[in-house]
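Protein chains in written order, with the numbering used here: chain A, 502 to 850; chain B, 502 to 850; chain C, 5 to 612; chain D, 5 to 612. Below is one structure; the comments refer to it alone.
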Amino acid sequence: MENPSVKTNAPLRLNAVGLSKKDYDGAPSTLCKGCGHNSIASQIVQVAYELSLRPHEVIKLSGIGCSSKSPAYFLGMSHGFNALHGRMPSVATGALLANHTLKAIGVSGDGDTGSIGLGQFKHLLRRNLRMVYIIENNGVYGLTKGQFSATAEEGLTLKYAGKNPFPPVDLCMEAIVAGCGFVARSFAGDAKQVRELLKAALSHRGTAVLDIISPCVTFNNEDDSPKSYGYGTQHEKPLHELGFIPPAEEIAIEPLEPGEFRLVELHDGSHIRLRNLGPDYDPTDRMAALARLQQAQEEGEFITGLLYYNPSRPSLAEVEGLRTPLAQLPPERLRPSREQLEKVLQTYR
Amino acid sequence: MENPSVKTNAPLRLNAVGLSKKDYDGAPSTLCKGCGHNSIASQIVQVAYELSLRPHEVIKLSGIGCSSKSPAYFLGMSHGFNALHGRMPSVATGALLANHTLKAIGVSGDGDTGSIGLGQFKHLLRRNLRMVYIIENNGVYGLTKGQFSATAEEGLTLKYAGKNPFPPVDLCMEAIVAGCGFVARSFAGDAKQVRELLKAALSHRGTAVLDIISPCVTFNNEDDSPKSYGYGTQHEKPLHELGFIPPAEEIAIEPLEPGEFRLVELHDGSHIRLRNLGPDYDPTDRMAALARLQQAQEEGEFITGLLYYNPSRPSLAEVEGLRTPLAQLPPERLRPSREQLEKVLQTYR
Amino acid sequence: MSVLERAQAAPLAPRPSVVNDFSLVVATANGTGSQTANLTLLRSFFKLGLPVHGKNIFPSNIQGLPTWYHIRVSHEGYIARKPAEILVAFNPATAPEDVRALPAGGVCLYHTDLKGLPQRDDLTYYPVPAAELVAGIEVPVKRRPYLANMAYVGVLAWMLGLPLSVIEGALAVQFDHRPKLVEDNLEVVRRAHAWASEHLTKRDPYRVEPMNKTEGLILMTGNEAGALGAVFGGVSVAAWYPITPSTSFMDALREFLSKLRRDEEGHPTYAIVQAEDELAAAGIVMGAGWAGARALTATSGPGLSLMAEFVSYGYFAEIPAVIWDIQRVGPSTGLPTRTSQGDVAFAYTLGHGDTKHPILLPSSIEECFEFGWKAFDLAEVLQTPVFVLSDLDLGMNNWMGRPFAYPDRPMQRGKVLGAEALEAQGGFARYKDVDGDGIPYRTLPGTPHPRAAYFTRGSGHNEEAQYSERAEDYVRIMARLARKFETARRLVPPPAVAHTPGARLGVIAYGTTRYAIEEAKDRLAQKLPFSFLRLRALPIGPEVRDFVAAHEQVCVIEMNRDGQVHGILRAELPEFAPRLRSVAYLDGLPLTAEWVMARLTEEAQRPM
Amino acid sequence: MSVLERAQAAPLAPRPSVVNDFSLVVATANGTGSQTANLTLLRSFFKLGLPVHGKNIFPSNIQGLPTWYHIRVSHEGYIARKPAEILVAFNPATAPEDVRALPAGGVCLYHTDLKGLPQRDDLTYYPVPAAELVAGIEVPVKRRPYLANMAYVGVLAWMLGLPLSVIEGALAVQFDHRPKLVEDNLEVVRRAHAWASEHLTKRDPYRVEPMNKTEGLILMTGNEAGALGAVFGGVSVAAWYPITPSTSFMDALREFLSKLRRDEEGHPTYAIVQAEDELAAAGIVMGAGWAGARALTATSGPGLSLMAEFVSYGYFAEIPAVIWDIQRVGPSTGLPTRTSQGDVAFAYTLGHGDTKHPILLPSSIEECFEFGWKAFDLAEVLQTPVFVLSDLDLGMNNWMGRPFAYPDRPMQRGKVLGAEALEAQGGFARYKDVDGDGIPYRTLPGTPHPRAAYFTRGSGHNEEAQYSERAEDYVRIMARLARKFETARRLVPPPAVAHTPGARLGVIAYGTTRYAIEEAKDRLAQKLPFSFLRLRALPIGPEVRDFVAAHEQVCVIEMNRDGQVHGILRAELPEFAPRLRSVAYLDGLPLTAEWVMARLTEEAQRPM
Ligand SMILES: Cc1ncc(C[n+]2csc(CCOP(=O)(O)OP(=O)(O)O)c2C)c(N)n1
Ligand SMILES: Cc1ncc(C[n+]2csc(CCOP(=O)(O)OP(=O)(O)O)c2C)c(N)n1
Ligand code: SF4
Ligand code: SF4
Ligand SMILES: [Mg+2]
Ligand SMILES: [Mg+2]
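This is how it looks when you write it as structure tokens:
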């Protein structure tokens, strides 16, 4: 069982739309054992079940990467679109223009969003397309085997990639500056917070960005100790594939209390510093959110929780004035009449 | 004469490298009369002359757009590279890796940088390539005739483009968040400030971004009055080209004093609100710069001056540890020896 | 007025009048407002019943560079480009060259402010004192140069015998019947006409007479026609990034949609998005097509390059999409305001890996309209990206045409399974060839059935749309896609064939080269008779093979450097490859009948 | 151990031994560390002097999906893929299918934990109790499964008679002579060998004997060889975006450069940038090439699509650039870890408008190295983007090869004018054909001369590099570019031709299909003799025409669906189009000699 945090649910209890939790499962994951992305997929399943989402009203979208494979691993009864690397935002835009009544859950990676896809990401936010946009952020390119992504910490040293000389792109800051009205950060292992944020995100009016730290058990690994996977491969000539990936468990932590600080140990023995936003944090102040992010960056920790919230901007579908989903218009509403053609042509004589 | 602000210079006085101001001219501009971009080109010529730049040590780069045509209109004795739409940053990166001792002046537009080129722009700043990056910002796509660019004000109504429903991308905010260490805003008509900022930018260690408001006399035109160009075209069927563009002068204003606020009238009678950053503004505080920009946005005005300055980050060439320009390495330093090949092959036996 | 006097002194042999048959060019700088005057002229000839066509040869900037507006009037109905016989010289920068380019016997109307115009004995010169003629009109000073263009309209009207009432009618259309604007402009025309009648003596042979050859016809640009066709094809999502010469396609689309596609309460039943670039535009179209809306984008060469990755996706994941490429001159930024057929081969197999795409090749506004709606049927029936390759000449210029035929069949939405069908058949396999035509079934997101969902991906998949790296699965999917392309071969519009009995020479072409070829065909009817097959789509069907088989030599005429369709035909018709000759040329200007005649004559003389 | 017992009971006719001639596949899941064991095996055979080659058929994920490592040992030197005769079944997910795929007489070594293995009477089964064999070794528990792979190495050593000393040598190379790692691994091998000797009885015919066929040879991947070639070609700027299977090219490049290209003080004389995407990678290469550095990028299909716009720019603005495309299976994301030759046609004319690019087609590590440096000479001499199209099979697998020949000529930097030359000739025209070969002169930024500068653009320009929309200027530039491509035709590496006297059949191919074809050629020498022309580059030269002319039928064999090069050859050799047959197939796996033989035999029987 991959999802320790959801073990407690009796699998066959039915929700309000008559579905069991199993009905929200996807195909078996082909990600590494212990990958943070799997934890997130589990929480999506759990939340969809708890919220009694109708699977056919949901679409799942992604780019390319380990993270972007995830949509295959949840909500098997929802349509899915595994797009091109970095281009999920545009595909989502098209899909939701065609049918703006669908609930869209997008899953991307830090490479997918922060490198090749940064432009589309920013413009998606500018248009405020109504969707949940999850970034499974591990600071590396998992699928292409361990290069730094644009969110990697400056100065971080990884075995494959060497030392990262560039400052990280903070995708929460980017989202806030781009005008996003729902920006949150969490940690894949904090199942409870991930679920709470997912639920809130699903009811947001526009794009809701969840930047979820999701450790890559395989590559985000700076430890040279024998207990890291590196032991077997570091001294070998480059191989096609990572020689050996020791089995690992997904990291699960006790939920952080509001305001709590915690040092969480990752698979390789390194630590990540998490701080839950305090109860007195005001997520409606854009500048304060940016300042808080900068402070956290300076202090080398990640703040988790809802960083910025502002539901005032209309979504793209609202701006476009859409009513009946365009994909459901009957032929007679799609093709104007013979008379209308005549009338138009009249003005060209 | 297109450049009213430089009329006072005796054309044949020679500078420290023995060149007259004319030696820094480019080809005659093919932009519209009165276009703000022409004013900026003039100031580049002036500054290059005043700083006694050696033209062969300068390269000019651009993307595609009216703005991006500018490099043809200044510094005719410098190599120029008019790249693809939105892709000047990558070309500049390559050119300056090949020869990091060149001084690079890049000219882009708001569409070129803020729409198609946003990703490259952000990643350029992340790498901190040493160059001056000028955005000739008019809020529209000039060359393709008047569509809104991503920097257009929300709610702005233009004759061609209708009403803009999306919030503007503030390229200065974007630059600051991306880690840029030199971010300034100015107004094309404020020749003195443009020159001062250009000079400072040329000596910055990394990327220096100048976001210069540069009114498009032809399309940034929301006035329906007969004195606007719209008179002749608004009621016509769409044509290939803009029917008629009345001759106009480039806007030139008296330089704003530190802290001064000014309402400047544009060609069509609309106004732009400029505020020069006060003498007590501290450009080294990143968050304060963001807050100041947000405040200006809320107040519907543009603040001009050096918004953010932080020379601490090394440039890309420094990070890469470059010494002799790579393009100037002699063959014997490019091709390792026969013995070195032998030695490498030895390890593959 | 020294020019005038000298020109008057030139000895010109008296010539018979030339009625309704001339080509005229107005040379100005852009941004001077001459387009209004030019379109007024075009429309006047049209209203007079003369077959006419206008081409704008304009620069890639906004103000101040040379622009030439070509008008061809031909009682025989020929509308291909023809070098000008009558010149309106209003641009000092090009006037010398423009005058030199006139043929003997030509006419030059010139702005009296022009200095140093070349003097030729074999031309007729008429001055146009434009500035003086607008001097008294009540408009702001700044707008005078704009109105001044109407002065040449007036002088031309005098010269050609074009009735002022016709011009008035044209101006009314041009200015959407706004009295003040019509009046201001007409006033200048009148003054110019009066001035010319008084001061000038007609010494040239050209004149117009009413005909009835445009009755019932319309005058429209190809981009407008294509956009209108798309509207009648039910387009619901459009995404694009501005690029010349596709921009006016989207402008027209927006305009038509806003009029024709609103619900009872006035809400739009469509969405148009100006994307941040062409990659995003392509992605939006893919997403929308996948979700069941008819979606299109319009672009030109550079945008096409940027869409390559998504098109490869659309091919493999089988997503309907319509992509208009209004071709301009490449490579790269090239000549953005000049016409070409330079993207055909690139579009045909756009994207990495083995890909093939149907391409529609309109040659007229009628076909722009027709392909405008048919492209959606094809895309949805075939579940694949479909290209429409127009060009700048067709897209941005005004062409005569018959009023468009209303679509003659209901929309074909292809194999889409709804909840009932799924219930009945107990599910479906997204990528399975159930019917043997290579076309699988799909469902739309939102379909209320537990077995409706499937997973779309650009990576390897089996017939059940599951991820697969198995060689057999890949081969099966790819073989089916190849089969689907054979189905496309049968579904795309067949070529238009004009067989000339006994002709040994055949010509194959597509798009707007047809006009020069059709004119050449008539003119060569005796000397070098040839048959003409006009491709209206790729892939080719059996008609093309038959045509090639029936002729000893077949010249493929196209407006690109490398003979792109010629290359495709050679590869697809290997048994006839030796007889397929490439007659390709691209300089950014539409072909002339003269060029076609010369080149065909040359080819016919070359040994087989 | 029920499997074992039952297998032992099977009646297997005694067979003569098969020495140094077998194919072996190790089936595991990825992420289990089997690659070390597999490479150790490969290297052991190599060190024993046997012609050998290994192919990894791996999945597009990181952990847990099926991986097959194929090793072919052939005393005759054949290294094409051949279906496995010996299977090491270590992956429960695929074991049933893997076993079923074995030919009669095959051998199956299986992990003793496997359940439900199919029982076949015609196979020999040997168990490998991997878990037990590592039980006592002193390593962390988590690493046991990793070491366990060495168990099958030990059992195979026993079975084949592979000396342990040879394995020790291979392990030393594999682990860069780290004693502890070598020892840990060797210990498992030893134990497994001892266990097998004690418990198993050899009943299969396969064994190895030392030879001297690999003496002096090296073993390297194509990506390493290409990267090394680039280093000896003087590469100074490299930019890329990670994508399988090109990533290991850049990894190797970084490694080689950091060793071979530092100045006296240890500073790098090169720069490598991981770009944000392939558009940026292409832009960086263009900028660097323009500024005078030898620059390259490496990518695969999706990246190639994204580079289309820049490549069109590079063609038109004439900028040297080297682009390696390590081909994987498209369209779209396709099968990212499978091999193909599916991008050739796309690359050949990549970009909108009329474009053509030289393409080098390496087939071996020697050619990867050679083209690695030659590509730069070509790119700078021709001032244009040059492609090297390798593939996943060549790029990521280890191949035997002769030690690379040091470049046999000084670097050719092309027509670059320095300050002195400019002074002497008083300037230059950037885009003028001075020498008649279509190649103009250029200057580099930073050249200290007032007339050095010129303006580079993708828009229309004249010979002086000034902006121009004039038809004549455009035609002149484009005609010169076409001429330049004819020069390229003469400069690219000529094909390798093996004429078989009297053969009526000719085969044309390129890249890694050569191995299956060469094997097929030998085997068909009597039944269906054929000549073989291996293209090493596009465009083709006169040798190809001569070859086609000399054979009645010519089959173009390639690993794609649509016969891409076949299409190019038909279009370029129209007079011979009818005799050019396409023999194309792509399923992601390298071709086998059997397939080639079957297909050629089939084609030879089809009427012309
Ligand atoms: C156009 C293109 N370029 C490159 C790739 C190769 N590629 C696949 S996934 C990936 C990076 C994924 O990183 P990230 O988004 O962080 O996802 P992760 O695997 O870390 O979850 C890359 C570069 C691709 N598929 N397409
Ligand atoms: C790939 C591509 N798409 C579209 C275009 C068309 N295009 C040329 S300039 C331009 C916009 C320019 O706007 P901006 O950068 O703001 O410059 P301005 O003209 O306003 O100075 C566009 C869309 C192009 N050249 N290339
Ligand atoms: S490589 Fe990293 S990101 Fe990819 S599946 Fe494995 S643990 Fe997850
Ligand atoms: S259109 Fe606008 S931006 Fe372009 S040149 Fe004219 S004034 Fe300048
Ligand atoms: Mg990642
Ligand atoms: Mg602009």
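Every residue, glycine too, gets a C-beta built ideally from N, C-alpha and C. Here the structure is a predicted model, which means the values were calculated and not measured.
- Listed in chain order, the positions of the segment 47 to 75 of chain D with a beta carbon within less than 9 angstroms of a beta carbon of chain A are 60, 62, 63, 64, 65, 66, 67, 68, 69, 71.
- Rounded to the nearest angstrom, the gap between the Cα atoms of residue 695(B) and residue 754(B) is 12 angstroms.
- Annotation for residue 351(C): 308, 329, 361, 363, 391, 393 place their beta carbon closer than 7 angstroms to its own, counting only its chain and skipping 5 residues before and after.
- If you check the CB distance, residue 260(D) and residue 232(D) come in under 8 angstroms.
- In this structure, residue 563(A) lies near residue 607(A), with their beta-carbon atoms less than 8 angstroms apart.
- A heavy atom of ligand 6 is found nearer than 7 angstroms to the CB of residue 639(B).
- Pairwise C-beta distances place the segment 282 to 302 of chain C in contact with the segment 235 to 250 of chain C, as three or more of them are shorter than 8 angstroms.
- Between residue 441(D) and residue 533(D), the alpha-carbon positions lie close to 40 angstroms from each other.
- A residue is called buried once 16 or more other Cβ atoms fall within 10 Å of its Cβ, and residue 278(D) is buried on that count.
- Only 651, 666, 667, 668, 670, 671, 674, 675 from the segment 651 to 676 of chain B bring a Cβ to less than 8 angstroms from some Cβ of chain A.
- 447, 448, 449, 450, 451, 452, 453, 454, 455: these are the residues of the segment 430 to 455 of chain C whose beta carbon lies less than 9 angstroms from some beta carbon of chain A, given in chain order.
- Cβ contact annotation for residue 783(B) (same chain, cutoff 7 angstroms, sequence separation greater than five): 789, in chain order.
- Burial is judged here by how many other beta carbons sit within 10 angstroms of a residue's own beta carbon; residue 781(B) has fewer than 16 and is exposed.
- Contact check for residue 174(C) against residue 367(C) fails: the beta carbons are separated by 8 angstroms or more.
- For a Cβ distance threshold of 8 angstroms, residue set 836, 837, 842 of chain B lies close to residue 236(D), ordered along the chain.
- Per DSSP, residue 629(A) lies in no alpha helix (DSSP H) segment and is marked neither H nor E.
- Contact note: residue 522(B) does not reach chain C at a C-beta cutoff of 7 angstroms; the least C-beta distance is about 24 angstroms.
- Per DSSP, reduced to three states, the secondary structure at residue 569(B) is helical.
- In the structure shown, the three-state DSSP call for residue 187(C) is helix.
- Taken in chain order, the members of the segment 336 to 347 of chain D whose beta-carbon sits within less than 8 angstroms of a beta-carbon on chain C are 336, 337, 338, 339, 340, 341, 342, 344, 346, 347.
- Contact check for residue 450(C) against residue 557(A) passes: the beta carbons are separated by less than 8 angstroms.
- If you draw a straight line from the Cα of residue 550(B) to the Cα of residue 698(B), it is about 15 angstroms long.
- For residue 610(C), the nearest beta carbon of chain A is not closer than 8 angstroms to its own beta carbon.
- Taking a C-beta distance under 8 angstroms as the contact criterion, residue 445(D) and residue 421(D) qualify as a contact pair.
- Using a Cβ distance threshold of 8 angstroms, residue 597(D) and residue 520(D) count as a contacting pair.
- DSSP lists no beta-bridge partner residue for residue 96(D).
- If you check the CB distance, residue 194(D) and residue 158(D) come in under 8 angstroms.
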